[in-house]
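Engineer:
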Amino acid sequence: MAFDVRDARILLACAQSRSIGRAAKALNMAQPAVTRALNRLEAQLAAPLFERTTRGVEPTPYGAALLPYAELMVSESAQAEELIRQMRGAGRGLVRIGGVGSVAGGLLVEALTLLRQSHPEVAFSVTEELEDRLVEGLKTGTVDLAVLPDSALDDEIRLAAEESFHDEVRVYVRAGHPAAGRDLSLAEAAALDWAMPPQATPITREWMRRFHDQRLEPGLPVLQSRSTAVIRAAVLAGDLACWMPEPVLLGDLAQGQVAPVRVPHLDWRRSFKIYRRRRGLLPPSADLLLGALRRLAG
1 MAFDVRDARI LLACAQSRSI GRAAKALNMA QPAVTRALNR LEAQLAAPLF
51 ERTTRGVEPT PYGAALLPYA ELMVSESAQA EELIRQMRGA GRGLVRIGGV
101 GSVAGGLLVE ALTLLRQSHP EVAFSVTEEL EDRLVEGLKT GTVDLAVLPD
151 SALDDEIRLA AEESFHDEVR VYVRAGHPAA GRDLSLAEAA ALDWAMPPQA
201 TPITREWMRR FHDQRLEPGL PVLQSRSTAV IRAAVLAGDL ACWMPEPVLL
251 GDLAQGQVAP VRVPHLDWRR SFKIYRRRRG LLPPSADLLL GALRRLAG
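If you want it as structure tokens, here you go:
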């Protein structure tokens with residue numbers, strides 16, 4: 001199958017805009033040219049990639065299956081072009097790095113501040129997300145480096161460095177909560193009302209595992225969100241407990257707005273490492289930031 005970067009861009013534009021006309025406009029192409037390209041690609045694959053309706057187009061299961069590969073192809077092509085520009089001295093250099101909430105606003109900002117002292121020409125795109133989305137970002141090429149909890153290796157990502165970072169995850173509630181500052185058993189903690197990330201996320205799976213290992217079943221979290229800001233706001237506003245990394249709540253702890261709850265089974269010292277895609281080269285600017293992160297770890 002001859003599937004090139006141009007085809008990938010057309011596929012993505014149609015999927016994102018849900019319209020061949022809007023896709024053509026976004027790509028600065030004539031609409032008939034986009035239609036011909038889609039028809040040719042579908043003929044090569046012997047499968048319909050989009051369902052044409054009076055409202056526009058919708059990806060079929062075949063089209064949806066092809067989208068991640070198209071995203072990776074477009075991303076790798078852009079990175080290759082940027083790499084050449086940087087090697088020729090014509091590119092400013094954009095580093096795309098991601099981390100969970102406890103490292104994005106602290107460690108990553110500290111590292112890019114350190115790097116800018118010697119390389120003020122480098123620009124940064126910082127993504128704060130949970131681990132699963134960061135791993136996906138590495139795989140699809142939207143993130144160059146990610147600081148992730150240890151043991152995130154798989155067939156498509158690998159360690160970028162051996163150095164480790166750490167944070168502490170504990171139970172927290174608002175200062176006026178009945179459990180604030182208390183020692184609780186795990187069974188007592190299971191009876192609390194919780195605000196947590198979605199159940200399928202790694203941190204919530206770990207939270208559940210710690211209860212299940214002791215044959216306890218906590219209640220379904222009252223609030224679920226991928227946003228640490230939303231969870232923090234919900235905890236401050238009501239009688240909800242959260243299981244959060246300490247760095248995310250340092251300001252609230254210093255101001256006396258939140259308090260820890262001592263639950264030994266829920267004290268977790270997490271280890272982090274720096275990861276990258278297994279294939280391809282790091283852009284020079286990303287390699288520079290990797291060096292800054294390693295210096296901070298040392």
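In the UniProt record's numbering, the protein residues as written are 1 to 298.
Positions of the beta carbon are idealized from the N, C-alpha and C atoms, including for glycine.
#1: Closer than 7 Å by C-beta to R9: which residues in its own chain qualify, once you throw out the five before and the five after it? Chain order, please.
#2: Any idea if E131 is buried or exposed, counting beta-carbon neighbours within 10 angstroms, 16 or more meaning buried?
#3: Tell me which residues share the same chain as V143 and place their Cβ nearer than 8 Å to its Cβ, disregarding the 5 neighbours each side in the sequence.
#4: Measuring CA to CA, which of P197, A175 and P32 is closest to L220?
#5: When you compare the region 176-183 with the region 226-244, are there three or more beta-carbon pairs, one atom per stretch, that lie closer than 8 Å?
#6: Check the Cβ-Cβ distances between I10 and every residue of chain C, and say whether any is below 9 Å.
#7: Just tell me which of R40, L45, A23 and Y69 has its CA closest to the CA of E58.
#8: Bridge partners for A241 per DSSP, in chain order?
#9: Return the CA-CA distance between A90 and D155, expressed in angstroms with no decimal places.
#10: Rounded to whole angstroms, how far is the Cβ of L108 from the Cβ of V147, which I believe are closer than 8 Å?
#11: Pull up the CB-CB distance for W268 and V222, whole angstroms please, since I reckon it's below 8 Å.
#12: State the DSSP-derived secondary structure class of E168, mapped to helix, strand or coil.
#13: Please list, in chain order, all residues of the same chain as A47 whose beta carbon is under 7 Å from its beta carbon, the five residues on each side excluded.
#14: Are there 16 or more other CB atoms within 10 angstroms of the CB of G101, so buried, or fewer, so exposed?
#15: Find the nearest neighbour of R215 within the set H265, P245 and L296, judged by alpha-carbon distance.
#16: Using a threshold of 9 Å, state whether the C-beta atoms of L159 and R279 are closer than that.
#17: Taking the C-alpha atoms as reference points, what is the distance between Q199 and I84?
#18: Just verifying my parser: in three-state terms, what is the DSSP assignment at A90?
#19: Around the C-beta of P120, are 16 or more other C-beta atoms found within 10 angstroms, so that it is buried, or is it exposed?
#20: Leaving out five residues before and five after S125 in sequence, what residues of the same chain have Cβ atoms less than 8 Å from its Cβ?
#21: Does the Cβ of Q79 have 16 or more other Cβ atoms within 10 Å, making it buried, or fewer, making it exposed?
#22: Where does P32 sit, in a helix, a strand or coil, going by DSSP?
#23: Do the CB positions of T35 and L49 come within less than 9 Å of each other?
#24: Within 10 Å of its beta-carbon, does L281 have 16 or more other beta-carbons around it, so buried, or fewer, so exposed?
#25: Does the distance from the CB of L11 to the CB of A70 come in under 9 Å?
#26: If you draw a straight line from the alpha carbon of A190 to that of Q257, how long is it in whole angstroms?
#27: What whole-angstrom Cβ distance do V261 and R182 have, given they're in contact under 8 Å?
Structural biologist: Concretely, from the data shown:
#1: For the purposes of this step, residue 9 is taken as residue 9 along the sequence shown, with counting starting at 1. These residues qualify, in order along the chain: L27 and V74.
#2: Here residue 131 is taken as the residue at index 131 of the sequence shown, counted from 1. So E131 ends up on the buried side.
#3: Counting from one through the sequence shown, the residue named residue 143 turns up at place 143. If we look at V143 and ignore the five residues flanking it on each side, its Cβ neighbours are R96, I97, G98, T127, L134 and G137.
#4: Counting from one through the sequence shown, the residue named residue 220 turns up at place 220. Of the listed residues, the one whose Cα sits closest to L220 is P197.
#5: yes
#6: The structure shown contains no chain C; it holds only a single protein chain.
#7: On the sequence shown, position 58 is the one that residue 58 refers to. Looking at the Cα atoms, A23 is the closest of the given residues.
#8: The residue given as residue 241 occupies position 241 in the sequence shown. Per DSSP, W194.
#9: Translated into the one-based positions of the sequence shown, residue 90 becomes position 90. Translated into the one-based positions of the sequence shown, residue 155 becomes position 155. Annotation note: pLDDT 39 at A90 (below 50); position unreliable, no value reported.
#10: In the sequence shown, counting from the first residue as 1, residue 108 sits at position 108. In the sequence shown, counting from the first residue as 1, residue 147 sits at position 147. The pair is a contact, with the Cβ atoms about 7 Å apart (cut-off 8 Å).
#11: Along the sequence shown, one-based indexing puts residue 268 at 268. Along the sequence shown, one-based indexing puts residue 222 at 222. The Cβ separation is near 21 Å, so there is no contact.
#12: As a first step, residue 168 must be located in the sequence shown, where it is residue number 168. Reduced to three states, the DSSP call for E168 is strand.
#13: To locate residue 47, count along the sequence shown from 1; it is residue 47. Correct list, in chain order: Y62.
#14: Counting from 1 along the sequence shown, the entry for residue 101 is found at position 101. With 16 or more Cβ atoms within 10 Å of its Cβ, G101 is classed as buried.
#15: For this step, residue 215 is matched to residue 215 along the sequence shown. The shortest C-alpha separation from R215 is found at H265.
#16: Counting from one through the sequence shown, the residue named residue 159 turns up at place 159. Counting from one through the sequence shown, the residue named residue 279 turns up at place 279. In this structure, R279 does not lie closer than 9 Å to L159 by Cβ.
#17: As a working note, residue 199 is residue 199 in the sequence shown. As a working note, residue 84 is residue 84 in the sequence shown. Looking at the two C-alpha atoms, the distance is approximately 42 Å.
#18: As a first step, residue 90 must be located in the sequence shown, where it is residue number 90. Note that A90 has pLDDT 39, beneath the 50 cutoff, so the model's placement of it is unreliable and the number below is only indicative. Coil at A90, not helix or strand.
#19: Against the sequence shown, residue 120 aligns to sequence position 120. By the neighbour-count rule (16 or more Cβ atoms within 10 Å), P120 is not buried but exposed.
#20: Residue mapping note: residue 125 aligns to position 125 of the sequence shown, counting from 1. Once the five neighbours on either side are set aside, the close Cβ partners of S125 are L94, V95, R96 and I97.
#21: If you number the sequence shown from 1, residue 79 lands on position 79. Q79 is buried by the Cβ-count criterion.
#22: Reading the sequence shown from its first residue, position 32 is the one you call residue 32. In the structure shown, P32 adopts helical secondary structure according to DSSP, grouped into three states.
#23: Numbered from 1 along the sequence shown, position 35 holds the residue referred to as residue 35. Numbered from 1 along the sequence shown, position 49 holds the residue referred to as residue 49. Contact: no.
#24: As a working mapping, residue 281 is identified with position 281 in the sequence shown. Answer is exposed; the Cβ neighbour count stays below 16.
#25: Taking the first residue of the sequence shown as position 1, residue 11 is located at position 11. Taking the first residue of the sequence shown as position 1, residue 70 is located at position 70. Yes, the pair counts as a contact, with Cβ atoms nearer than the cut-off.
#26: Here residue 190 refers to the residue found at position 190 of the sequence shown. Here residue 257 refers to the residue found at position 257 of the sequence shown. In a straight line, the C-alpha of A190 is about 23 Å away from that of Q257.
#27: As a working note, residue 261 is residue 261 in the sequence shown. As a working note, residue 182 is residue 182 in the sequence shown. Approximately 6 Å separates the beta-carbon atoms of V261 and R182; this is inside 8 Å, confirming the contact.
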